[in-house]
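Following: one structure in structure tokens, then a few remarks.
There are 2 protein chains.
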Amino acid sequence: MAQANSEPRAPLSRELLLRAAVAIADADGLEAVTMRRVGEAVGAEAMSLYHHVANKGDLLDGLVDLVMAEIDERVERTAVPGDTWLQAMRRRILSAREVMLQHPWAPRLFETRPTMSLAVVRYHDRLVGLMRAGGFSYDLAHHALHALGSRALGFSQELFDPAASASPASERMLRELADQVPHLTGMMAEIAHDDPAGTIGWCDDQAEFEFALDLLLDGLDRRR
Amino acid sequence: MAQANSEPRAPLSRELLLRAAVAIADADGLEAVTMRRVGEAVGAEAMSLYHHVANKGDLLDGLVDLVMAEIDERVERTAVPGDTWLQAMRRRILSAREVMLQHPWAPRLFETRPTMSLAVVRYHDRLVGLMRAGGFSYDLAHHALHALGSRALGFSQELFDPAASASPASERMLRELADQVPHLTGMMAEIAHDDPAGTIGWCDDQAEFEFALDLLLDGLDRRR
DNA sequence: ACCTGAACACCGTTCAAGT
DNA sequence: ACCTGAACACCGTTCAAGT
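As you go down the protein sequences, you meet chains U and S in turn.
Heads up, the first sequence is in the numbering used here, so the first residue is 1 and it goes up one at a time.
Heads up, the second sequence is in the numbering used here, so the first residue is 225 and it goes up one at a time.
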């Protein structure tokens, strides 16, 4: 569809590669981000990428920085001056979450990178600043970062995900082996009863995220 | 070192492959668990594995089940009859953590598997049973599972890990750019002051885990 | 029934060669 | 300087062939 078929192709650049990689990840997931595929997307051979990116890890770090830039921008835009530390923290984290929801591949990427990028470090530094202004000791702020974990950036990896297990096979499994998981079966039944239309399905991810976030923030506020 | 060089090799079996895979993962990490490498470890070609395992995903699911069996066994052994729901939950989760610490590759494996194994589902089912007996509504127990996330199984993936960032390069980076992360710098300084010997380094993972766990359990107990 | 060798379709990456 | 083609060392997996 690109009519510029015969024109001299736009010169490659790190920016261009990163934008192509984001588009691929948004469309087909993180595992589709391949040197060959990115090369194809920008109309070059895979090996040409190495002139603008040290290696694949460098490219992935670039993606992290792009997402962090989006988060920082949104956090700044949605900030409200009069907020208490708890309100500000909550707002900031939920803003970060909105960006994460737009890039479903980002959580896995953030968890996978071996070293933390400067942008991620700075994000956490500002959270500590928020807590210090709210009366936290350094020690408690430190605990808070660990307790929040990835939730500070707006996501949690949901190891226990009944929705994902509700595939045809697993659903049948659960029914047949209901005596093996009696409590979960009862839990499912009650939640289905409370939501007969089943509009939000098994779990409302956003509600669960906010419940856990408030649980943590309230607990931290109490220990302040 | 295996003297049984000329003897007819022990026949392959799923059990044998899984034990070999665990040994490889314990020694060289999860990414070293390769069909070819497992085959080599049991003295067979990689393609022979497919007679005892559907594919690599099936093999990884088998690893999850092995770890879960270890956890279930330890949880049962360390249980204390008179415990309140909170004490029992805490003890159970810390027992699971001990197993996870013996298999550093397990957390990443658990996070990576696309579908939850029956053993993991049953583990969570028993946690719900514990909470129900402690007076939880199904709704609150459901929230609790989501809030705990992977912590229910004794680990948290520690996105923010100053220890990992304390590599030579990052340490220099932090020093040079101390004005970029003033709060973290202050935090580091105070923690270094409180622990002049530096025996536990930047963070005590176990203490951080227990702090976050207690924060969550206390909060849940209060909402019970 | 169980195991094997060769082969296929993918990876990331190196390297010498082109312009 | 930037880009390329061929090649290398890996993957998981298929398939026809062996015993």
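Just so you know, even glycine gets a beta-carbon here, dropped at the ideal spot from N, CA and C.
Keep in mind it's a predicted model, so treat the numbers as computed, not measured.
Going by C-alpha positions, LEU440 of chain S is about 29 angstroms away from ASP285 of chain S. Annotation for ARG298 of chain S: the continuous alpha helix (DSSP H) segment containing it runs 280–302. For TRP85 of chain U, the secondary structure class from DSSP, reduced to helix, strand or coil, is helix.
At a Cβ-Cβ threshold of 7 angstroms, ALA256 of chain S and GLY263 of chain S do not count as neighbours. Inside the region 312–368 of chain S, DSSP marks whole alpha helix (DSSP H) runs of 4 or more residues at positions 330–336, 342–357, from first to last along the chain. Taken atom to atom, the span from the alpha-carbon of ARG37 of chain U to that of VAL64 of chain U is near 19 angstroms.
In this structure, the beta-carbon distance from GLY134 of chain U to TRP85 of chain U falls below 7 angstroms. Under a 10 Å Cβ-count criterion, ARG222 of chain U is classified as exposed, with fewer than 16 other Cβ atoms of the shown protein chains found around its own Cβ.
Rounded to the nearest angstrom, the Cβ distance from VAL75 of chain U to ALA106 of chain U is 15 angstroms, too far for a contact under 8 angstroms. By the 16-neighbour rule on beta-carbons within 10 angstroms, GLY281 of chain S is exposed. CA-to-CA, the gap between LEU59 of chain U and LEU241 of chain S works out to about 36 angstroms. Of the other Cβ atoms in all chains shown, fewer than 16 fall within 10 Å of the Cβ of TYR50 of chain U; this residue is therefore exposed. Taking each of S:SER319, S:ALA234, S:ASP250, S:LEU401 in turn and checking the Cα distance to LEU118 of chain U, the smallest one comes out for S:LEU401. Exposure of GLN311 of chain S is indicated by the presence of fewer than 16 other C-beta atoms within 10 angstroms of its C-beta. Burial state of ARG97 of chain U is buried, judged by a 10 Å Cβ sphere holding 16 or more other Cβ atoms. Shortest Cα-Cα distance from ALA152 of chain U to any of U:GLY186, U:ASP72, U:VAL80, U:ARG19 involves U:ASP72. Under the 10 Å beta carbon count, VAL80 of chain U is surrounded by fewer than 16 other beta carbons and is classified as exposed. For the options U:ALA69, U:LEU213, U:ARG224, the alpha carbon positioned closest to that of HIS367 of chain S is the one of U:LEU213.
Look at HIS327 of chain S: its C-beta is not under 7 angstroms from any C-beta on chain U. At a cut-off of 7 angstroms, the C-beta of ASP26 of chain U has no neighbouring C-beta in chain S. In chain order, ALA46, LEU49, LYS56 place their CB closer than 7 angstroms to the CB of MET35 of chain U, counting only its own chain and leaving out the 5 sequence neighbours on each side.
Residue nearest to PRO182 of chain U within the set S:TYR362, S:ALA234, S:HIS407 is S:TYR362 (criterion: CA-CA distance). At a beta-carbon threshold of 7 angstroms, the residues of chain U lying near ASP442 of chain S are GLY219, ordered along the chain.
When C-alpha distances from ASP26 of chain U are compared across U:LEU101, U:ARG224, U:SER95, U:HIS52, the shortest belongs to U:LEU101.
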